[in-house]
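Chemist:
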């Protein structure tokens, strides 16, 4: 079956620094990956759609300069939270789409900005 | 917002009982999916039901879909403590986009 690896699973960073989260499809190629954000006890909110080889498409209200997305290969998309602030603390989840397997989600990254 | 609503928001039952969760959505859909999320973890796909299906089973799971009411339900029979998790429905709009919209989720707690 399809596996999506997300790394790191937890990260604590200081306010003002940048954090990179990786999302890898391990056994399939993903032309499209999605990044979600989830606040405690709330649902997943789509942040952006990441397309291999092109610019990401951001949802309304998501700052593209703050949440940098790079999808340089068919198996890797990265989300970089730039100049992180405590309000960026959240659970970030990626998913990868493949025509055969459909959607597969990563295990998530809990970001804490102190 | 296109986000769907789930009902109830939280549900606490005894082991062995059945758990029913409902999801309402706003747009026309081609399919609806249910996911489970254990605390602090990613999502696990449970079941997909297509718009031309009314009911689908998978093990102890039973999903129904009523497109006229724009609603779906997830029934977990003979619940176990390990079923404790949050459950979300997700729908893609029929416009062709692959952006799945998640419902607000139901937090299920199964007491041993």
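Chains as they are written, first to last, in this note's numbering: chain L, 10 to 123; chain C, 469 to 580.
Positions of the beta carbon are idealized from the N, C-alpha and C atoms, including for glycine.
No experiment lies behind these values; they were computed from the predicted model shown.
#1: With DSSP as the reference, please indicate the residues paired to residue 111 of chain L in a beta bridge.
#2: Which residue wins for smallest C-alpha separation from residue 517 of chain C, given the options C/506, C/529 and C/510?
#3: Output, in chain order, the set of chain L residues within a Cβ distance shorter than 8 Å of residue 511 of chain C.
#4: So which residues of chain C does residue 117 of chain L contact, with C-beta pairs closer than 8 Å?
#5: If we count the other Cβ atoms within 10 Å of its Cβ and call it buried at 16 or more, is residue 477 of chain C buried or exposed?
#6: Got a sec: does the ligand GTP put a non-hydrogen atom nearer than 7 Å to the Cβ of residue 524 of chain C?
#7: Please report the distance separating the alpha-carbon of residue 89 of chain L from that of residue 540 of chain C.
#8: To the nearest angstrom, how far is the alpha carbon of residue 494 of chain C from that of residue 20 of chain L?
#9: How is residue 31 of chain L classed by DSSP in three states: helix, strand or coil?
#10: Starting from the beta carbon of residue 527 of chain C, find every residue of chain L whose beta carbon is closer than 9 Å, and list them in chain order.
#11: Check the Cβ-Cβ distances between residue 567 of chain C and every residue of chain L, and say whether any is below 8 Å.
#12: Touch check for the region 107-121 of chain L and the region 501-521 of chain C: three-plus C-beta pairs under 8 Å?
#13: Which residues, taken in chain order from the region 540-561 of chain C, show a beta carbon closer than 7 Å to some beta carbon of chain L?
#14: What would DSSP say about residue 549 of chain C, mapped onto helix, strand or coil?
#15: Leaving out the 5 sequence neighbours to the left and right, which residues in its chain are closer than 6 Å to residue 49 of chain L when beta-carbon positions are compared?
Modeler: In brief:
#1: Beta-bridge pairing by DSSP links residue 111 of chain L to L/107.
#2: Of the listed residues, the one whose Cα sits closest to residue 517 of chain C is C/529.
#3: Near residue 511 of chain C (Cβ distances below 8 Å), the residues of chain L are 53, 102, 104 and 114.
#4: Residues of chain C passing the Cβ test: 508, 509 and 510.
#5: So residue 477 of chain C counts as exposed.
#6: Summarising the ligand content, the structure contains no ligands, and the ligand GTP is consequently not present.
#7: Between residue 89 of chain L and residue 540 of chain C, the C-alpha separation is close to 36 Å.
#8: For residue 494 of chain C and residue 20 of chain L, the distance between alpha carbons rounds to 36 Å.
#9: Assignment of residue 31 of chain L by DSSP, reduced to helix, strand and coil, places it in the strand class.
#10: What residue 527 of chain C touches in chain L: nothing, since even the nearest Cβ is about 17 Å away.
#11: Answer yes: the Cβ-Cβ gap between residue 567 of chain C and chain L drops below 8 Å somewhere.
#12: Verdict: yes, contact present.
#13: Under the 7 Å Cβ criterion, the region 540-561 of chain C contributes 556.
#14: Secondary structure of residue 549 of chain C (DSSP, three-state): helix.
#15: Excluding positions up to five away in sequence, the list is empty.
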